[in-house]
Structures are given as C-alpha cells and as structure tokens.
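Structure, as structure tokens:
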Amino acid sequence: MEAGALFTLRDQARAERFQKLLLAWAPDRPVKIVHVCGTHEITIAQHGLRSLLPENVEVLEGPGCPVCVTSTQDFDCALQLAERGAILCTFGDMTRVPGTRMTLEEARAEGADVRVVLSAADAVEVARRNPQKPVVFFAVGFETTAPGTAAVLLDHPPDNFYVLVSHKLIPPALEALLSTPPVEISAFLAPGHVSTVIGAGAYRGIAARFHVPIVVAGFEPLDILFAIALVLRQLKEGRAEVENAYPRSVTEAGNLRAQALLREVFAVGPALWRGIGEIPGSGLYLREEFAKHDAKREFGVEGRVGEEKPPGCRCSDVLMARAVPTDCPFYGHACTPLTPIGPCMVGAEGACNIWYRYGGRPRL
Amino acid sequence: MKRLLEEKVTALHGAGGLVMEKLIRERILPKFKLRTAGPIGLDHLDDGAVLDLPPGAVVFTTDSHVVKPLFFPGGDIGKLAVTGTVNDLVVMGARPLALSLALIIEEGFPLRDLEQILESAAAVLSEIGVALVTGDTKVMGKGEVDGLVVNTTGIGVAERVVPDSGVRPGDLLVVTGSVGEHGLAVLAARNELPVEIPVGSDVAPLWPAMAEALESGGITAMKDPTRGGLAAALNEMAQKSGVGMEVEEERIPVRPEVRGLCELLGISPYELACEGRAVLAVAPEKLEAVLSALRKHPLTQGAQVVGRATDRYPGKVILRTTVGGKRFLEMPLGDPVPRIC
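Residue numbers (this note's numbering), protein chains in the order written: chain A, 10 to 373; chain B, 16 to 356.
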C-alpha cells in the first residue's frame, strides 16, 4: 500500500465523520465489545480510539494473543524436548513466557538449544542445516500461522524435523466465551487476518445461535472505528448478524487454498487454552500421514499440568474479556514487560503488554 | 613491522612510548585546528589543559559513544561523539567552549578508519569554533573492546542555565526538526532492515543554531531527544517539572519515509533517537521570538510547536492522535535500537 493510501485510513476529517456515526448509534445501555486480536488492540491503544467511543461502550481484548493462550502443558512439552537435546525453534515471545518450571529462555541459559525463528520455513532450514539433531518447531498461532506449518509439512521436510503443534482456532473460542457464564459480551469484532483465511461466513452460525453481532474489522484506526459503528448500529436495530467491514481483504468464503492445506494436514480436536480451559473443537492435531513429524508422539512427551497463573494474577480474566489490564493489582508495578508475572504481559500481542507500551487507558 | 604500524592500531600505539607519541603528533593533532582555550592546550601534551573561561555558569558534561556500526549514513562515531557532547552543553543553555576526546581502540583497528573518524570529529569542531584541549589514547587487546569507543567531555558557559525541570503549565513545546532519523539510519547501516531506505542520520551540532533562540530568554526547559527519542525526552521533562503535557501527533515532524518504515517495523518514530534535534519548552510570550530565531538556521528551520504543558496529569504526556483519539505517550522501556550513540 502506498503511504498516501495508508494515511487516508487515518484522516482526521473521516475520523470525525465516524465519530458522529458512533454518537448517532450510541447505545442506551452499557455495551461490551470484544475483539480477539493483538493487532486490533495495538491499533486501538496506539491511536487512542477508546477516547473516541461513547461513554458506555467498552472494548476489550479477549483471547487474541496466541502466545498468551498457549497452555503450560505445551510449554512443559517444549521444555522437555529441549532438555532431551532437541533444537527447539519458536517465535520470539514464546521464550519468555513463564511455564511450569522455567521459561525457555532460562532453559537456554542452562544449555538447551532454543532458537527464535520467524516462520515454520525458517525452522525447516535449521533442520536441514543440522541433520544429526532432532529439530522441533513449537507451532503456535491461530488460522493465520497454521497454514504456514501445514505448507512446510506438505513440502517434504527432512526426517529430523518435528512439530509440537499448539495451533488453535478462533470461532470455537468465541463460542466458549459466549457459553461460559456470566456472559456480558454484547458483540465481537472478528480478526481481519484470521477472517481472511476462514472467511466472514465462518461466524454466521455463532451470530445466529447466540444472537450477537459479529463485525469483521481491519487494522487501521478508521477500519476499527467503522466496525464499531456497525456493531452499535446492529445493537440499536436489534440485529445480530455477521458484517464484513474489511472487504478489501476478507471474502465470505475466505482463502480456500489455505483452508484445504489445513484440512489436509490437521484434524480438529479439543485444546487447552491458558486462562480459559479446554475448548472443544478448538485445537489442531497432525493427521496420521504426518505422524513421523509429530514431536509429542515421536518422543512420548506429555506436558505436566502446572500452575496456570500465580495467585492474584488476572490474566485469565483478561483473556476471558472480564477485566482490563489496569484491573489487575500487579499491572505496571510488580508486573511489567521487563518483569512479567502473567503471559498477557509477555506476548507482544497480549493486552497487558500493549497497554503498558501504549498507555492504553480507557479515557483521557 | 613498519607496515603493520602504519596500517593498523597495535598494542604499541597505546603503550605511551615513541610509537604512541608519533601517532598522536602526526596523525591526531594536526586534524584539529583549534587546540587551545587558555594558557595550556592540546599542543603541550601536558597532563591537563588550562582554560580561560568567560563569566557565567560553567556547564560540564561527558558521554561515551559505542555506536554500532562505527560508520552509518550521515555520519560516524567521530562526528557523533563530538556532536553529542556539544549538544548536551547547548541544551543546558551553554555556549560550548572546549572538549576532551578519549579513544579506546581495539588492537588491529585500521588506522585509515581511525583517521577518517578523527577528521569527522575535527570538522564539527572547526565548523562551530570549539577547541579540543586534551585527550587520551588507549589500546585494548583483540576482542576486549568492539572496535572503538570514544569518550568526549565538554565545558561550556551559560548566561542562563536551562534545566530539564523548568517547564511551567502554559509553556509551548517545540521540536526543532523531524524526529527518528538517527535511530533508523543506524538500523539501516546494520543491514537489519527488510528494505533500503534513503534516510541518513540527523547528527549535527545544535550550536550555533540555538544561540539566538537562547538569547531571547524564553526557553524554560530543553533536552536533546537522544536515547528513547521524543517520547523519553518529553516524559523526562514532564516528570522533572511536575507538569502534564498535551502533544498533537499531527504536528510532530516525521519524514514520510521514516513513518512508513516505522509502521513496517512496528516501532514508534517517537522512541527513535535523534542526534541533531532539541525539544524546548517556551514561555508563550516569547514563542514568536524563539521560533523566528530558530527558523533562521537550516538545522532548526523546521521547528514546530507540537503541544503545550498543562497542569493536568502531572508527570504524564498525553498524545492526541491523528484520528483525534487520546492516549498517554509512555516513557519507552528502552530504546528500540541498542547501541545508537
């Protein structure tokens, strides 16, 4: 995108027009809109969008940070694999998340070979360069990163390449939030990147069944203000539909090729989400044909069930969209990006981390 | 042996004997035109310099420079080391008078690079008429220091000292030019960027550009936004002065290519270091005088009012974003780019 095009999405005159829409559709009761995307939270915090919303409209990040929702069991598996001599490759933030015993960074300091990669393909490259050692890619992320993992597995990776799969799916998480009382969620903003893969149509069943508006949103400040305006209009008119406010990237059916890759490589099953618990149908598992690349199976690691959070840490409430970071007694004092207590302060997409960096207070 | 001594820095160069004296006398001293600010200066190679200082408050500052790489678009460690210390004096309200320069060199460092670095340092001092009055050279073993570390110390005299802590509610906040270029230029020089960018460092001495603006007497507080960039400078001034600040994002000068690249890298241009900019708080009645003085000099002609100090939220900086939202502009955790100065 050209710089010019980018800035038309940040133009103050348009923002003022959207703000008028927001005020015109301002609800007459408190409304809680939940998004599930770290990039949305960054845009909202960075541009101070909360200060532009009607007073009774609250926007919260739910389980939108893949690093934050990765279970301690999976971290424990990764730790065991690294301690047994595998080269463990994963995304940067993952190395700093507190697990059951220690972080992967601490394991590295004690001699484990833990490497930061930018993609599944980078991990395959590590495997090719180290043919004598098992190389494990600790694969986290939603429908956005999972096709990358699928693609490398279909591309005949070397025999010493293994995947510790911790990929998760977004729509079942939305259902879980709507099925776990007390439910106070008025509407969802659906994540633009995930929706580019799965399509806006993927949410229609949920919107109808739970009677909640779901609006797919892009990542520029005006994209998000527009999506929130559409949510408020639906609420005002008593509708609960899926609307696509990011049509320049998202279609009704989504990226069929990426979906086919996911189906070919993964089966769907239950998964543990840190801070939330087990969500049926929300996890991806390698199909039989790829068993020889399945790290858990090949090395027989079973993660230990560990302490999900230190006492007092409110990460699980933040991930359930029941609290904002500043509700936590640790936020900003004991818990900072340099001294994180819970996972939401570690991941660059975690709500606490983002609020800390961008001063994401609700109103000024 | 002869050839080696002429091409690379060796342990002998730092050993205090003839080889070292030859290096200093032949290769270092002649590059600096102004070598004294009183009875004893650089040429004496004495144990210290003796200065004649004009009346006023004496301002004294020091800075060690470890930038990586040593050469970057728009400058090198020599220019940076001299500029950094000169600018620290200027943002205290002082006229810079004399500098020291100490080199810690890794064994094997190319002499040609060292000469180039000293020439850049000398060029800045000649340009602004500041003397180099004393110095030191040490050589450390291979691997004991990364190439070259340059320390500079400076002395200046201020008629009116301008602290960080002098901001008063109602003062206007001025930035003297576009922000973020030094940080990005250093990043680009490390080849760590996914794209090539036409951005050079803004490294430049703020003297004499700031001289006339200082004379106006309207500057209540001043800082150079180096490590941590504009965000760190504003927060520090707000905290030390016990005032709040409201800044308009739209008014902060950022070159479009810098903004675009920051967007791509996910870093904030307000947290990137500048090495040729100042952030000023100005009394409202003196604003026109300060701005017109700044706009006379090429370095500060892009000076912009970016916001004002208030009595709300003391110690905090509120950013009004381009879409009209408001948020705190937080003190950065650290500079997004390590080893920039």
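Note that beta-carbon positions come from the ideal geometry of N, C-alpha and C, so glycine has one too. Owing to the predicted nature of the structure, the values given are computational and were not obtained by experimental measurement.
Under the 8 Å criterion on CB atoms, Arg323/B is classed as non-interfacial with respect to chain A.
Contact annotation, Glu272/B with Pro213/B: C-beta distance approximately 6 Å; criterion of less than 8 Å satisfied.
Assigned with DSSP and collapsed to three states, Trp222/B falls in coil, not helix or strand.
Assigned with DSSP and collapsed to three states, Arg127/B falls in helix. Excluding the 5 residues flanking it on each side, Arg306/A has same chain C-beta neighbours closer than 7 Å at Ala300, in chain order. Sequence-distant partners of Gly47/A (beyond 5 residues in either direction) whose C-beta falls short of 6 Å from its own C-beta, in its chain, are Gly73, Cys74, Glu358. Taking the Cα of Leu31/A as reference, the smallest distance to any Cα among His44/A, Asp20/A, Gln243/A, Leu88/A is reached at Gln243/A. When Ala146/B, Lys83/B, Gly123/B, Leu126/B are compared, the shortest CA-CA separation from Gly56/B is found for Ala146/B. Residue pairing from DSSP places Ile55/B in a beta bridge opposite Val65/B. Listed by position along chain B, the residues whose Cβ is nearer than 7 Å to that of Glu25/A are Gly339.
Spanning the alpha carbons of Tyr365/A and Pro167/A requires a straight line of approximately 42 Å. Boundaries for Cys289/B: no beta strand (DSSP E) harbours it, and the DSSP string shows neither H nor E there.
8 Å or more divides the Cβ of His302/A from the Cβ of Leu293/A. Within the region 272-351 of chain B, the runs of alpha helix (DSSP H) that reach at least 4 residues and sit entirely inside it are, in chain order, 302-309. In terms of beta-carbon proximity, Gln21/A lines the interface with chain B, with at least one pair separated by less than 8 Å.
For Glu70/A, the enclosing beta strand (DSSP E) starts and ends at 66-70. DSSP places Phe308/A within a helical segment (H, G or I) once states are collapsed to three. Taking all protein chains shown into account, Arg38/A has fewer than 16 neighbouring C-beta atoms within 10 Å of its C-beta and is therefore exposed. DSSP places Lys37/B in the uninterrupted alpha helix (DSSP H) bounded by 33-37. A residue is called buried once 16 or more other Cβ atoms fall within 10 Å of its Cβ, and His197/B is buried on that count. Taking a Cβ-Cβ threshold of 7 Å, none of the residues of chain B is close to His202/A; the smallest such distance is about 15 Å. In terms of Cβ geometry, Arg292/B and Thr167/B do not form a close pair [threshold 8 Å]. Between Ala247/B and Met107/B, the beta carbon gap of about 17 Å keeps them out of contact (Cβ cut-off 8 Å). Within the model, the alpha-carbon separation for Val321/B versus Gln55/A is close to 18 Å.
For Arg124/A, the enclosing beta strand (DSSP E) begins and ends at 123-125. The C-beta distance from Ile288/A to Ala360/A rounds to 19 Å, too long to fall under 8 Å, and the pair is not in contact.
By the Cβ test, the region 103-118 of chain A is not in contact with the region 134-141 of chain A, since fewer than three Cβ pairs between them sit closer than 8 Å. Note that the C-beta distance between Leu104/B and Gly169/B is below 8 Å. In terms of CA proximity to Pro338/A, Gly351/A leads the group Pro63/A, Gly351/A, Glu298/A. Contiguous beta strand (DSSP E) elements confined to the region 140-166 of chain B occur at 146-155, taking only those with 3 or more residues. Along the length of the region 234-307 of chain A, whole alpha helix (DSSP H) runs at least 4 residues long occupy 265-274, reported in chain order. At a Cβ-Cβ threshold of 8 Å, Arg124/A and Cys98/A count as neighbours. Membership of His80/B in the beta strand (DSSP E) is indicated by the continuous run 72-80. The beta carbon of His302/A sits no closer than 8 Å to any beta carbon of chain B.
Sixteen is the threshold: when 16 or more other Cβ atoms of the shown chains lie within 10 Å of the Cβ of Ser115/B, as they do, the residue is buried. Of the candidates Asp20/A, Glu252/A, Phe275/A, the residue whose Cα lies closest to the Cα of Pro222/A is Glu252/A.
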